[in-house]
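Anchor point for the sequence shown: position 106 equals 135 in the working numbering, and the numbering is continuous, going up by one each time. Glycine included, each C-beta is placed from N, C-alpha and C at the ideal position. In this text, all values refer to a predicted model and were calculated from it rather than measured experimentally. Comments concern the structure below.
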Amino acid sequence: MTANDAAARSRRAQLVVWGVYVGIPVLFLIATVTINLSADQALVDWKSVLIPVAAIAGGWLFRERSRWKPDRWASVGAITGSTAALFGVFSTIVIGGPALFCVPAAVIGGVIGFLIGRWGEHQLLRPAVAGLGDTPYELNFRIRGINRLRLTVGDTSVTLRATVRARSADGDNTRENIQDVPLSVLKVWDTTLAGGEELEYPIRLDRTPVSTPGPALVVQTLATEWILPHDEAVVLAEILNRRIAAAAAPAS
């Protein structure tokens with residue numbers, strides 16, 4: 030895929046970001062104003078539009094912080110979708126609408142918002158392409174055959190993340206173990222695994238990981254070497270090598 034194709038994919042994803050962070054709250058505001066006008070009121074009750082206006086302002090602010098983090102889009106879509114649907118249906122009470130639909134509407138709105146955000150992430154990352162290495166996106170890749178283990182590729186570092194169960198006096202809960210390594214000390218390449226090899230990582234997992242047959246990404250740091258099974262290992266290696274080269278280039 031060419032750089033132009035990667036840019037087109039990014040533009041489509043950013044349209045989804047606009048929709049999730051700003052578009053849904055704008056629809057919420059329009060619905061609120063329309064419902065108010067349907068209640069035989071000469072003027073819109075300004076108090077009723079505070080929540081959608083606040084949602085628009087919050088969406089605008091957090092869009093700038095999260096527009097390059099695709100893993101956040103689905104959760105934000107769920108929040109904005111459920112909030113818009115909940116308060117949108119709730120506001121129909123002023124024109125005699127039933128309040129009992131508020132909770133189902135919130136669930137449906139949340140699911141729709143979640144799916145929109147997930148679709149945007151899918152548009153950007155599926156399938157992975159080398160051109161993503163030249164973009165500012167924070168890329169997350171799940172490791173094949175190892176539950177809850179992910180590799181996050183940023184613009185200055187890579188991070189190995191594992192969500193594990195932890196026992197405490199309050200009972201079982203989960204926590205995230207993280208190992209962050211700057212791009213400047215990395216070497217990466219792809220390999221092929223026969224399957225059955227025991228894998229070692231610098232973070233604790235729930236059980237000793239065993240490889241599955243197929244492509245894998247090798248990430249070599251100053252002290253350790255990670256072997257990360259992934260079906261798109263060849264592309265991941267190129268993405269990382271592009272990020273490494275960009276991080277090593279002198280600032281203009």
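With DSSP run on the structure shown, which of helix, strand or coil describes residue i?
i, result
"glycine 52", "helix"
"glycine 183", "coil"
"proline 258", "strand"
"alanine 36", "helix"
"alanine 223", "coil"
"valine 46", "helix"
"arginine 316", "For the chain, the structure presents residues 30 to 281; residue 316 sits outside this window and is missing."
"glycine 243", "strand"
"threonine 203", "strand"
"proline 211", "strand"
"arginine 13", "Residue 13 cannot be examined here, being either before or after the span of the chain that is shown, 30 to 281."
"lysine 76", "helix"
"valine 158", "coil"
"leucine 178", "strand"
"methionine 30", "Confidence in methionine 30 is poor, its pLDDT being 49 and thus under 50, which makes the residue's placement unreliable; the coordinate value appears in the next sentence. In this structure, methionine 30 counts as coil in the three-state DSSP scheme."
Would you mind sorting residue i into buried or exposed? The rule is 16 or more other CB atoms within 10 Å of its CB.
i, result
"leucine 90", "exposed"
"valine 214", "exposed"
"alanine 275", "exposed"
"leucine 79", "exposed"
"proline 279", "exposed"
"glycine 225", "exposed"
Given a cut-off of 8 Å on the beta-carbon distance, is the pair residue i and residue j in contact?
i, j, result
"serine 120", "serine 67", "no"
"proline 242", "alanine 223", "yes"
"valine 193", "threonine 203", "yes"
"valine 247", "threonine 220", "yes"
"asparagine 169", "aspartate 100", "yes"
"arginine 272", "leucine 212", "yes"
Looking at the secondary structure, which residues open and close the alpha helix (DSSP H) in which residue i lies?
i, result
"alanine 84", "79-95"
"leucine 251", "Unbroken run through leucine 251: none, as it is neither H nor E."
"leucine 144", "131-154"
"threonine 284", "Not covered by the structure: residue 284. The range shown for the chain is 30 to 281."
Residues in its own chain within less than 8 Å of residue i by CB, not counting five upstream and five downstream?
i, result
"valine 264", "Pro156, Ala157, Val158 and Ala159"
"leucine 115", "Cys131, Val132, Ala134, Ala135 and Gly138"
"glutamate 254", "Val247 and Val248"
Leaving out five residues on either side along the sequence, give the residues of the same chain with a beta carbon under 7 Å from the beta carbon of residue i.
i, result
"valine 210", "Ser186, Val187 and Thr250"
"threonine 237", "Glu227"
"valine 46", "Arg92, Arg96, Trp102 and Gly149"
"arginine 38", "Gln152 and Leu153"
"aspartate 34", "Gly160"
"aspartate 260", "Arg173, Gly243 and Pro244"
"proline 54", "Pro81, Ala84, Ile85, Gly88, Thr109 and Ala113"
Could you pull the start and end residues of the beta strand (DSSP E) that residue i belongs to?
i, result
"leucine 168", "168-171"
Going along the chain, which residues of its own chain have a beta-carbon closer than 6 Å to the beta-carbon of residue i, five neighbours each way excluded?
i, result
"isoleucine 178", "A small correction: the amino acid at residue 178 is leucine; isoleucine does not occupy that position in the sequence shown. Excluding sequence neighbours, leucine 178 sits near Ile172 and Ala191."
"glycine 106", "Val49, Gly142, Phe143, Ile145 and Gly146"
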